[in-house]
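Right, one structure below, let's go through it.
There are 4 protein chains.
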Amino acid sequence: MDELKQWVNEIHLELSTRADKGRVADYIPQLAKVSSDKFGIAVAPVNGPVITAGDADESFSIQSISKLFTLTLALGQIGDRLWERVDREPSGNAFNSIVQLEQEQGKPRNPFVNAGAIAVTDVILGGHRPKEAIGEILRFVRFLANDDAINIDRLVAESEQAHGDRNMALAHFMRSFGVVRHPAAEVLGVYFHQCAIAMTCRQLAQSGLFLANNGRNPATGFNVVSPRRARRINALMMTCGHYDGAGDFAFRVGLPGKSGVGGGILAIVPNKAVIAVWSPGLDASGNSLLGTAALEMLAQRTGWSVFG
Amino acid sequence: MDELKQWVNEIHLELSTRADKGRVADYIPQLAKVSSDKFGIAVAPVNGPVITAGDADESFSIQSISKLFTLTLALGQIGDRLWERVDREPSGNAFNSIVQLEQEQGKPRNPFVNAGAIAVTDVILGGHRPKEAIGEILRFVRFLANDDAINIDRLVAESEQAHGDRNMALAHFMRSFGVVRHPAAEVLGVYFHQCAIAMTCRQLAQSGLFLANNGRNPATGFNVVSPRRARRINALMMTCGHYDGAGDFAFRVGLPGKSGVGGGILAIVPNKAVIAVWSPGLDASGNSLLGTAALEMLAQRTGWSVFG
Amino acid sequence: MDELKQWVNEIHLELSTRADKGRVADYIPQLAKVSSDKFGIAVAPVNGPVITAGDADESFSIQSISKLFTLTLALGQIGDRLWERVDREPSGNAFNSIVQLEQEQGKPRNPFVNAGAIAVTDVILGGHRPKEAIGEILRFVRFLANDDAINIDRLVAESEQAHGDRNMALAHFMRSFGVVRHPAAEVLGVYFHQCAIAMTCRQLAQSGLFLANNGRNPATGFNVVSPRRARRINALMMTCGHYDGAGDFAFRVGLPGKSGVGGGILAIVPNKAVIAVWSPGLDASGNSLLGTAALEMLAQRTGWSVFG
Amino acid sequence: MDELKQWVNEIHLELSTRADKGRVADYIPQLAKVSSDKFGIAVAPVNGPVITAGDADESFSIQSISKLFTLTLALGQIGDRLWERVDREPSGNAFNSIVQLEQEQGKPRNPFVNAGAIAVTDVILGGHRPKEAIGEILRFVRFLANDDAINIDRLVAESEQAHGDRNMALAHFMRSFGVVRHPAAEVLGVYFHQCAIAMTCRQLAQSGLFLANNGRNPATGFNVVSPRRARRINALMMTCGHYDGAGDFAFRVGLPGKSGVGGGILAIVPNKAVIAVWSPGLDASGNSLLGTAALEMLAQRTGWSVFG
C-alpha cells in the first residue's frame, strides 16, 4: 500500500510538469472556465483506504462518466430489455455522430455514445417527471459513492441546455424511430442535469467500487448489481468507454474506463481497485490527456492491466 | 484440472445437441464443403497439458485468425512503426467495408479488419517475393504452435484467390493512398495463403500460449514478444477481434479473442490458459455460433473473464 | 390548342384505368386519408387559357412544392447570399437524410431537400414572428397564382407537427452549425404550415407561369423575378426537384419540375407553358406515379422536352 | 452568325487575361505537363460552319468526355438493358467515390461517375479482346466527329494505367457484386485508352452534333441514335455530367454538358449547336475553370439556356 501511494505521488509529480496538457473543452462556457492546471488522482482499493494526490478533493463536472451511472440504474430497472433500445458495439465514429444512427435505424451503437446515453435516460424517465428522474439519478450516485454531499452544478446544466442543439437533434432523430419515447425536451432536461453532476476524484473512485468488487460495494456492503452484470458493465467500458479512442485506451492502459469531457476518467481494476483521475485538458479524441497518461503509467507500474 | 476437463466435456456435450448451429460460410466453395456438425474444443493451460473435446485434432481453415499471427510477426519486424500504417480502433462497420477506409484516407481502422490485415501483410512482404513471405509466415506459425505438421490448404488458397475481388478492391484502394506499397496481386497472393493455413484446435491453443504467458511460450521457453507487447495484442483482440461483434463478445465472454470465418476462435485467458474452439456454423456477425457459446459457458464456469 | 386539349384528355383517360396507382403517403394521417383515385391535370400556356382534365379543381396538400415558392421568396429577400446557407447540388441520398448534412458540416445540399427548405424558411422568418412569416408565404403564393382563395389546411399542419421529429432533428442539427438561426420550433412551425398549403392543379399551374415566362407572370403582368433568376430556379428544379429521382425525371420527362408527397408535381416548359398534375399514389422515390407518367406522355406528344 | 463569331472572340479575349486559371490536373504526369495557358473554343451550329477561337485546333486528352461516347455506343449495343447495370441518378459524392457504390450494392449511380463508366466499358468489351474494344471505341468517335485523324495518346494511356489503383479498386469492387464481368485489368485496359483519346475543340464539337440535332448528324446525314435517345443522353449530361458540380453547371450555364479533367467541356444546345471548350485549369470540382466561365458567358449572350 505504501508502494502504491508512492507511485501515485511520483506519477502526479512527473505529469504535473508536462508542458502539453491538452485542450480544455470549450463547447460550453462553463467548462471552458476550468483551469488546465487542475490535476487530481484517487485510487480506491477494494480493501483499504483511498489514496489521493493533487486536486483529488476538488469537484469537477463528470459529464459522460454519468453515462456509467445511468446505464447501471436503467439495467436495474428494466434488465436486459435495455438492449432492445441500445446496442453494445463500439462506434467507429465520433461520439456525437448522427450518421451511424441513421444507418442503424435509430438504434444507438452503445450506451456510452451520446445517442445511447440519451436513450438510456429516456428509459429512466419512464413516465416520471424530469425533476423526479433527476432526483433519482442524483440519489443513486450518492448511494454508489456513499456520499450525500454530491450535487448538480446548475450553471453547467443551464449552459449545456443553451448549447444542446446537437443532442436535441439526436433525441428527435431517435424519437422518429420510436427509440426515444418521451418528449425530446424532457429527456434532455434530465440528460443535461446528469452530465452536470459535480464530483471529486475521491467520490468518483468510491462510486465505482462495486464494479471492481463483483457488484458489491465493499465500503457499504450493499450488493449494487450481480457479479455477472458488473463484469458486463466493465466489458462495455473496455470496448466503448472512450468514444473513438477506446481501442487506444485498451491498448495503452488495459483497463475498463469511462471518460468525460470535463477531464475525468474512471477506471476499474477488477478485484483490486478503482482509479479516478482528473485533468481538464483533452486529447484529439476528447479524453483527458494527462489523465490517460497517469492511468497508463499506473497500470504499467502496478501490473494491473487485465491483459496479463 | 480434472474439474476443467469435466466442464469442457459437459459444454461440448450440451452444445453438440443444439439444433441451431449457425450458417457455414459459403463465399468460397472450399469453406462451404465443411460439415456444420464439426465441433472441437481445446484448452491449453500455461502450466499443464492440453485438454480437448470433440474434433479438436481435426484441421480447419484458420482464416482471419491468421491476422493475429501476421500482426505479431510484423510488430517483430518493424515495431511501433506499424501504427503509421494501421490504426488501433474498433470498426463500426462490417469486416470488409471499404466505406470507412475512404473516410479515413486509406488507413485501416485496425489490423483485424481485412484492410488492416492486408496492410500488415504488405509490411511482411517487405521487398521479398510472395513465396518467401508465405514461407516465413508458415514457419512463424509452426514455431508458435511448436508443431511442424501445420500446413497451408492450397485448394482453399486458390478458392480465395478466385473469389478475391473484394479484397483486391481493398488492396488497390489502399495502394492509391500509399498505405499498401507492393503490387496488389502480390500482397493478396500472400494474404490468401495465410488465410488458408489449416490448424487443429490443439495447435491453435498451443500457438496462443505466449499471449497468455506474458510473451513467453511456456512449452518451448522461447520469448516471442515482450510482456508489454503481449498485453497490447490481447487488448487489440478484445476491442477489434470479432469484426462488428467485438462488443458483444467482450460482453458475453469477457476474454480477448480472434475469430475466423472458418468457424474457429482463439481466446486468451491472461496468466492462465488459451482456449481454441471450432464449429463452422456462423452467427450474423460472421463469428462461430457454437464456438462463442462454448466460450461464454466456459468463462462463466471457470470465472476466467478478465472483467472480475 | 385544341390538339393540346385532346392530348391532355387522352392521357388522363388512359392513365385513369391503370391498376397500379402507387402508394399514398401515410407518414401523417391527414395525407393517408386521400383517395388514390384522385387524378387531375392542368396546363397553363403562357399565352392562352388553362386546359384541365379530371380533378384539376380539387385542392390537395402541395407539401414540398411549397419549397419552390419559399426559395423564390427568400431569393427576393436576400438574393445570392442565400447560397451561403444552402448549396445547389443534387443529393445522392433520400430526401430527409441527415447523413449528408453531417458530412457537409450542416450546409444542406440544395433548397429542395428538407434540410435545405428548412434553412430557406429560417431566412424568411428573418426575425419576424412565425405567424407573420406564415402570412407572408401564403400571400406570396396567392400573388403568384393570382388567386386569393388559396389557404392552409390546419389539420395537415397540425398532423405534420405531431409527426415532425425527423424535421426537428434536421433543424436542431443545422442550428448546431449555425446554419439555422431561429429556435427550431419556430422555424418548423412555419415550415409545417407552408407544406400544408392546399392548392388545385389549376392554381398550381398558374402560380408557376412566371418561371415559364422569363420571370414575368403573363396573367398579371407582374415581374416576379429577373429572367436570369427564372432560368436558375428552373435549373435547380431540373437537377434537384425530385429527391433521389431527379435523374430519372429528367431522363423520362425532360422538364424542370418539383414534386410533393401529396402527389402533386409542377413542371415548367420554358417559354411555353406550366403543367400541374396530381395523383396521390407515389413511386419508390416518393414522387407521384401517375403524375410522372402523365408528364412523360405529354412531353413526348408535345415535344416539350428541353433536351431536343 | 457573324454576331456569334464576335461573341466567341470577345469571350475568348476577355477570359484569356484572367489571372486565376485554375489548377491543372496532376494525378498523372502526362496531364500535368499541359500548359495552363491553353484555351480554345469551338461552336458547331447544326446548320452552319464551325466557329473557333484560340487553341481550338490543338488536341488534348478528352478524359471523361469519352464516357459520353461509350455510353452512346453501349446503348446502341444493348439498349435499355444497360440500366440494369448502372443507374441514372446524380451522385452526391466525388467522382471516384467508392462509398456510394458500397451503399448501393455495387450498382453505380450513373454512367458518368468513374464506376459507371467502367461498367459501361465492361458492356462494350462484351467478350471481345481489349484491343478490339479499343478499336471499336476509336472508330465510333471518328465516325461521330467525321474525322479519321483522331487518335489515342499512348503516353497518357500508360500514365493512367500506372496510376490506376483507385479505378482498379472500383472495378474489382463491382466485380465482387457481378456488375463488372470481365477481368478488372482488361476492362481498365480499355477504359484507360478511351480516356486517353486526344481531340481538338473542333473535333469534339462536331462529334456532339447528333445530340443537338435529334440524333442525326447534320454533317454526315447519319442517324446515330433516335430522337428520344438523344434527349435522354442530354438529360443525363444535365443531371450527372459534371461530377459533384452538376447542379452548379446547370444553374450557371443551363446546358447539358460533359467535362473531363483534361480541361475540356462539351455542351449541347438542343436544336441549335454544340459548344466545345478547352482550358486545362480546373476548379475545386474538377471542371475547367475558364471553360465553364466561357460557357456561362456564351449561354448568357446567346440566350441558349434550355431553361428560358
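These protein sequences, in sequence, are chains A, B, C and D. Note that the numbering used here numbers the first sequence so that position 126 is 127, with each residue one more than the last. Note that the numbering used here numbers the second sequence so that position 29 is 30, with each residue one more than the last. Note that the numbering used here numbers the third sequence so that position 302 is 303, with each residue one more than the last. Note that the numbering used here numbers the fourth sequence so that position 190 is 191, with each residue one more than the last. Where a beta carbon is used, it is the ideal one built from N, C-alpha and C, also for glycine. Here the structure is a predicted model, which is why all the values come from computation and not from measurement.
Check, Outcome
"Buried or exposed (CB count within 10 angstroms, at least 16 for buried), LYS68 (chain B)", "buried"
"Burial state of ASP27 (chain D) (16 or more Cβ within 10 Å)", "exposed"
"Short-range partners of chain C found in the region 159 to 174 of chain A, where Cβ spacing is below 7 Å", "ASP166, ARG167, MET169, ALA170, HIS173 and PHE174"
"Same chain, Cβ closer than 7 Å to ASN152 (chain B), neighbours up to 5 away in sequence not counted", "ALA199"
"Limits of the unbroken alpha helix (DSSP H) element including GLY248 (chain A)", "247 to 253"
"Residues, ordered as in the chain, of the region 236 to 270 of chain A that lie near chain B by beta-carbon distance below 7 Å", "ALA236, LEU237, MET239, THR240, CYS241, ASP245, ALA247, GLY248, ASP249, ALA251, PHE252, GLY255 and PRO257"
"Backbone secondary structure at THR201 (chain C) - three-state DSSP", "coil"
"Separation of LYS108 (chain C) from VAL124 (chain C), as counted between CA atoms", "14 Å"
"Residues that DSSP places opposite SER289 (chain C) in a beta bridge", "C:LEU283"
"First through last residue of the alpha helix (DSSP H) which encompasses LEU339 (chain D)", "With chain D covering only 2 through 309, there is no way to say anything about residue 339 (chain D)."
"Alpha-carbon spacing of GLU161 (chain D) relative to ARG110 (chain D), whole angstroms", "23 Å"
"CB contact check: GLU105 (chain A) to chain C, cutoff 7 Å", "no"
"Expected contact under 8 Å - CB spacing of LEU296 (chain A) and GLY258 (chain A) to nearest Å", "7 Å"
"Rounded distance between the beta-carbons of GLY255 (chain A) and SER306 (chain A), thought under 8 Å", "3 Å"
"The alpha helix (DSSP H) enclosing VAL270 (chain A), as first and last residue numbers", "Careful: VAL270 (chain A) lies outside any alpha helix (DSSP H), inside the beta strand (DSSP E) at 265 to 270."
"Bridge partner(s) assigned by DSSP for GLY41 (chain B)", "B:GLY55 and B:TRP279"
"Among B:VAL262, B:ARG232 and B:GLY128, nearest to SER338 (chain B) - alpha-carbon criterion", "For residue 338 (chain B) there is no data in the structure shown, the boundaries of chain B being 2 and 309."
"Secondary structure, alpha helix (DSSP H): runs of 4+ residues fully inside the region 206 to 234 of chain B", "210 to 213"
"Neighbouring residues, chain D, relative to PRO91 (chain C) (Cβ below 7 Å)", "PRO91, GLY93, THR240, ALA247 and GLY248"
"Neighbour-count burial assignment, GLU4 (chain A), 16 or more Cβ in a 10 Å radius", "exposed"
"Start-to-end residues for the beta strand (DSSP E) that takes in SER160 (chain A)", "Premise fails: SER160 (chain A) lies in the alpha helix (DSSP H), 155 to 163, not in any beta strand (DSSP E)."
"C-beta atoms of ILE138 (chain A) and GLN195 (chain A) nearer than 7 Å", "yes"
"Selected residue, minimal CA-CA separation from ILE99 (chain B), among B:VAL47, B:PHE174 and B:GLU59", "B:PHE174"
"CB contact below 7 Å: VAL35 (chain B) versus chain D", "no"
"Rounded separation between VAL191 (chain D) and ALA118 (chain D) - CA only", "11 Å"
"C-alpha gap between SER1 (chain D) and GLY246 (chain D), whole angstroms", "Nothing can be reported for residue 1 (chain D): it is not among the residues displayed for chain D, which extend from 2 to 309."
"Chain-ordered residues of the region 38 to 63 of chain B with a beta carbon less than 7 Å from chain D", "none"
"Listed by chain order, chain A residues near VAL307 (chain B) by CB distance under 8 Å", "PRO271, VAL307 and PHE308"
"Beta bridge counterpart(s) of PHE174 (chain C) as assigned by DSSP", "None; PHE174 (chain C) has no bridge partner."
"C-alpha gap between ALA268 (chain A) and LEU205 (chain A), whole angstroms", "10 Å"
"Interface residues of the region 107 to 140 of chain B facing chain D [CB-CB below 9 Å]", "none"
"Whether ASN168 (chain B) touches ASN224 (chain B) by CB criterion (7 Å)", "no"
"Within chain B, partners of PRO219 (chain A) - CB distance below 9 Å", "Neighbours of PRO219 (chain A) on chain B: none; closest Cβ ~13 Å, over 9 Å."
"Inter-stretch contact at 8 Å, needing at least 3 Cβ pairs: the region 206 to 220 of chain B / the region 41 to 56 of chain B", "yes"
"Residue interval of the beta strand (DSSP E) (run including SER260 (chain C))", "258 to 260"
"Range covered by the alpha helix (DSSP H) that runs through GLY190 (chain B)", "185 to 196"
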